[in-house]
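Here is the structure we will look at, set down as structure tokens.
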Amino acid sequence: MTKEVISDKQGISLVILFIMGSTLVLGTGAEAGKDSWLAILVAAAFACPVVLMYSRLLALSPGKDLFYISEWVLGRMLGKGIGLLYIWFAFHLGALVIRNFGEFINTISLPETPKIIPMTGLVLLCLWAVKSGIEVLGRWGELGLIVLLILIFLTIGLLVPKMDWRNIQPFLQKGFKPIGKGALAVFSFPFAETVVFAGVFSVLQRKNSIYRVYLWGLLLGAAIVWATAFTEILVLGEGEYTTILFPAHSTVRRINIRNFIQRLEIIPAIAFLGGGFIKVSICLFSACYGIARVCNYEDYRIVASPVALLMLNLSHWIYDSTMEMFDWAFQVWPYYAFFFQVILPAILLVAGEIKNRQGKGAGKNYDG
Amino acid sequence: MQLVTAAAIDYDGGNDKYFVTVEVFNPQHMGSHDSGGLLYSTGESVFDCFRNLILRSGRRLYWGHTEIFIVSREVAERSLLPILDILFRDAEVRDDMLIFVAEEDNASDILRLGRHKLHGLAGFHIEDVIKAESSISKYRRMPAWKFIQSMYAQGPASTLPLIKLDRSGEKEIPKVGGTAVFEGDKLVGTLDETETRSLLWILDELKGGVFVVPVKDGGKAEEVTLEIFESKTDTKAVYAGNQVTMKIHVETTVNIEEIGGTTDYMDEKKMMHLKKDGEARIEKEIKNVIGKVQREFAADVFKFSTVIQDEMPKVWREIEPNWHETFKKLPVNVQVTLKIRGSALMGKPIKISR
Chain A
1 MTKEVISDKQ
11 GISLVILFIM
21 GSTLVLGTGA
31 EAGKDSWLAI
41 LVAAAFACPV
51 VLMYSRLLAL
61 SPGKDLFYIS
71 EWVLGRMLGK
81 GIGLLYIWFA
91 FHLGALVIRN
101 FGEFINTISL
111 PETPKIIPMT
121 GLVLLCLWAV
131 KSGIEVLGRW
141 GELGLIVLLI
151 LIFLTIGLLV
161 PKMDWRNIQP
171 FLQKGFKPIG
181 KGALAVFSFP
191 FAETVVFAGV
201 FSVLQRKNSI
211 YRVYLWGLLL
221 GAAIVWATAF
231 TEILVLGEGE
241 YTTILFPAHS
251 TVRRINIRNF
261 IQRLEIIPAI
271 AFLGGGFIKV
281 SICLFSACYG
291 IARVCNYEDY
301 RIVASPVALL
311 MLNLSHWIYD
321 STMEMFDWAF
331 QVWPYYAFFF
341 QVILPAILLV
351 AGEIKNRQGK
361 GAGKNYDG
Chain B
1001 MQLVTAAAID
1011 YDGGNDKYFV
1021 TVEVFNPQHM
1031 GSHDSGGLLY
1041 STGESVFDCF
1051 RNLILRSGRR
1061 LYWGHTEIFI
1071 VSREVAERSL
1081 LPILDILFRD
1091 AEVRDDMLIF
1101 VAEEDNASDI
1111 LRLGRHKLHG
1121 LAGFHIEDVI
1131 KAESSISKYR
1141 RMPAWKFIQS
1151 MYAQGPASTL
1161 PLIKLDRSGE
1171 KEIPKVGGTA
1181 VFEGDKLVGT
1191 LDETETRSLL
1201 WILDELKGGV
1211 FVVPVKDGGK
1221 AEEVTLEIFE
1231 SKTDTKAVYA
1241 GNQVTMKIHV
1251 ETTVNIEEIG
1261 GTTDYMDEKK
1271 MMHLKKDGEA
1281 RIEKEIKNVI
1291 GKVQREFAAD
1301 VFKFSTVIQD
1311 EMPKVWREIE
1321 PNWHETFKKL
1331 PVNVQVTLKI
1341 RGSALMGKPI
1351 KISR
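Sequence order for the protein chains is A and B.
Note that my numbering numbers the first sequence so that position 353 is 353, with each residue one more than the last.
Note that my numbering numbers the second sequence so that position 193 is 1193, with each residue one more than the last.
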């Protein structure tokens, strides 16, 4: 298997699309009510050092991914153990995104169709992408991002007449605590989910690419998430924003210009599709890379099909209802994910730096 | 596929059942006599009614184009919540539907009897009428989402336009005019058309319309009709001596559209007189409606609470628990400035030489 390489621009596009992914449509940080936009900024600020942590971790051993590094840092057994944990995390996240997508399509347009059908469609597409290799995904990402951005900003433009600036006042009405809760939520969904990229970013071009890609990807992705959340709060107002399950859909529904430009709700659906496709594909990549590394396979593509189908399977029975899905996402995810997003990488980084100082080589020489 | 163009909900208190009337439209059969019709059904809840319609229509109806929703007074007095919930929650039913409260005994009658000659379907007719709101300003159109949004806010109350059947012509026609005042989700009272216009004035939502001023000059009395071109209203709250006072400043630009006499309003003195009379009249109407709402309904449709909340949040926190009482006695100062911009094509009135 020849080494795949993607350019920095492609890497950044993928990170942005990943962050946009399900967040655009599900909304995030609603605990902070009308100050959610502030919670997003706070979360982005906290995500920067975390993302730099991921970058530094990967930079310890350039051209290698998280799974390789954990073995190098903690030894074969423990390293593979950590690897298994991250395989699970990527796998689980992928299944959640697939389920989010299925619920969305089911709720807003195809209530009679069994959810498994749109979910299968998405999974097959992602499987195809993974089998084609990350270079293909990178190229698609570059193009797809531009298209999605044009759609998103066009829509925001059309919504300007419907914005009511009173909806974000009074500022900090409920104090700082809800913003803290909201920020933690936004941090764990979606900013720090980019830890999944750590399993995949062995494919970047240059040694310092990783910092650029991660940081720019986070900042630009956060900016777009912020812009959409801000628009939604301005248009819907706090009450609706916190009640409705898919705020982007309801917001875009309001556009009605002379009874001609109306019913544009398909646009958030397209955004979700584009972003969700990338998100699931990256999760799939990460899980497959991980399995290939842990089981010492040469080619990750062998396990792609079974992993994808198992992901689909998990997404199908993981929740009994939409309510359960949202409940878990709000109550459990931030704390559960924190372990994978902050604690584990921190441990790895510290151990890695120690090993580096001890002069045991920059890991390039380690050959599992 | 059958599209629902309008729906009406009644409530049967005796049996605790809802009664739904829908007007359906068959696009395939447009033009022929099959093109539209009415369907009725009953059920334990609104959504139950919708589904029970299948028993009559033979197939599921498509709600994606329904713009008009009429509720009976009884439903409005009981609670609008069940209806609002389904409008908001269901993906097919659009939340920008316009809701009306029927002034007839049955909301159903409006759709049943009000088939306008021009359109054949009450739904389309009402849709057209409502679009002309800015030209007449005798009702306040209210999309469902806006009403729901106001329910989330603490303090202000919302309104829905009234609709009834106009039986004065040879056929009954649905007529929109006047306002139903709500406290939360329950109807507490109504305002007539003139009072509604004043309401729009106060809320800075008046975009047009006609205003007749009876002018008394010396012995002569005549009526001058003014057309409203634009209007701007500023509502401020003033806190002095432990008392909040609302100050409403109205600035309206009008044209003289009809002079019911021979007075020459190009004359500056006469113009001043007209202006003062007009301003006094507007002020009176506004004060009347505020007084009525304060006395009879105690529902803050004027959004005074929002103004207080914005301008003096600390004071609001103190008065909020007793807002209803405070609102009832809230002093309001009204100041009106009328700008007479022109008099259309004629400079002078028609002269009677005899």
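The beta-carbon is built from N, C-alpha and C at its ideal position, and this holds for glycine as well.
For the 8 Å CB-CB criterion, Ser1158 of chain B and Phe1124 of chain B do not form a contact.
Put simply, the CB of Glu103 of chain A is far from chain B, with every gap to its CB atoms at 8 Å or more.
If the five residues before and after Gln1002 of chain B are omitted, its C-beta is found closer than 8 Å to the C-beta atoms of Val1024, Phe1025, Asn1026, Ser1057, Arg1059, Leu1061 and Tyr1062, all from its own chain and listed in chain order. Taking each of A:Gly63, A:Asn167 and A:Ser188 in turn and checking the Cα distance to Phe330 of chain A, the smallest one comes out for A:Ser188. In the three-state scheme derived from DSSP, where H, G and I count as helix and E and B as strand, Thr107 of chain A is classed as helix. The straight-line gap separating the alpha-carbon atoms of Lys1284 of chain B and Leu1080 of chain B is approximately 33 Å. With a beta-carbon spacing of about 4 Å, Ala32 of chain A and Ala39 of chain A fall inside the 8 Å limit used to define contacts. Contacts with chain B (Cβ-Cβ distance below 8 Å) from the stretch 92 to 116 of chain A involve Thr107, Ile108, Ser109 and Pro111, listed in chain order.
As a beta-bridge residue in DSSP terms, Ile1163 of chain B pairs with B:Ala1102 and B:Val1176.
The shortest CA-to-CA distance from Ile82 of chain A to any of A:Ile302, A:Gly199, A:Ile12 and A:Val307 is the one to A:Gly199.
Positions of the alpha helix (DSSP H) runs, each at least 4 residues long and wholly inside the stretch 1299 to 1329 of chain B, are given as 1304 to 1311, 1313 to 1319 and 1323 to 1329 in order along the chain.
Residues of the stretch 1296 to 1312 of chain B with a C-beta less than 9 Å from any C-beta of chain A: Thr1306, Gln1309 and Asp1310, listed in chain order. When C-beta distances to chain B are compared with 9 Å, the residues of the stretch 230 to 241 of chain A below that value are Leu236, Gly237, Glu238, Gly239 and Glu240, in chain order. For the stretch 1072 to 1093 of chain B, the set of residues with a beta-carbon nearer than 7 Å to any beta-carbon of chain A comprises Ala1091, in chain order. In this chain, the beta strand (DSSP E) harbouring Ala1008 of chain B covers Gln1002 to Asp1012. Within the stretch 148 to 179 of chain A, Arg166, Gln169 and Pro170 place their CB atoms closer than 8 Å to a CB of chain B, listed in sequence order.
For Met20 of chain A, the enclosing alpha helix (DSSP H) starts and ends at Asp8 to Met20. Within the same chain, Ile278, Lys279 and Ile282 come within 6 Å of Phe18 of chain A by CB-CB distance, once the 5 residues on both sides are set aside.
Taking CB atoms only, Arg254 of chain A has a neighbour in chain B less than 8 Å away. Beta-bridge annotation (DSSP): Glu1023 of chain B is paired with B:Ala1006 and B:Leu1038. Residues of chain A whose Cβ lies closer than 8 Å to the Cβ of Gln1335 of chain B do not exist, since the nearest Cβ in that chain is about 24 Å away. For Val136 of chain A, the closest alpha carbon among the candidates A:Thr242, A:Ala43 and A:Ser13 is that of A:Ser13. The DSSP-derived three-state label of Met1246 of chain B is strand. In terms of Cβ geometry, Phe272 of chain A and Phe153 of chain A do not form a close pair [threshold 8 Å]. Gly1209 of chain B is bridged by DSSP to B:Ile1228.
Between Glu238 of chain A and Ser250 of chain A, the CB-CB gap reaches or exceeds 8 Å. Contact between Pro247 of chain A and Leu236 of chain A holds: their C-beta atoms lie close to 6 Å from each other, under 8 Å. For Gln1149 of chain B, the nearest beta carbon of chain A is closer than 8 Å to its own beta carbon. Among the CB atoms of chain A, one or more fall inside 8 Å of the CB of Tyr1152 of chain B. Close partners of Asp1096 of chain B in chain A (Cβ separation under 8 Å): Arg253, Arg254 and Asn256.
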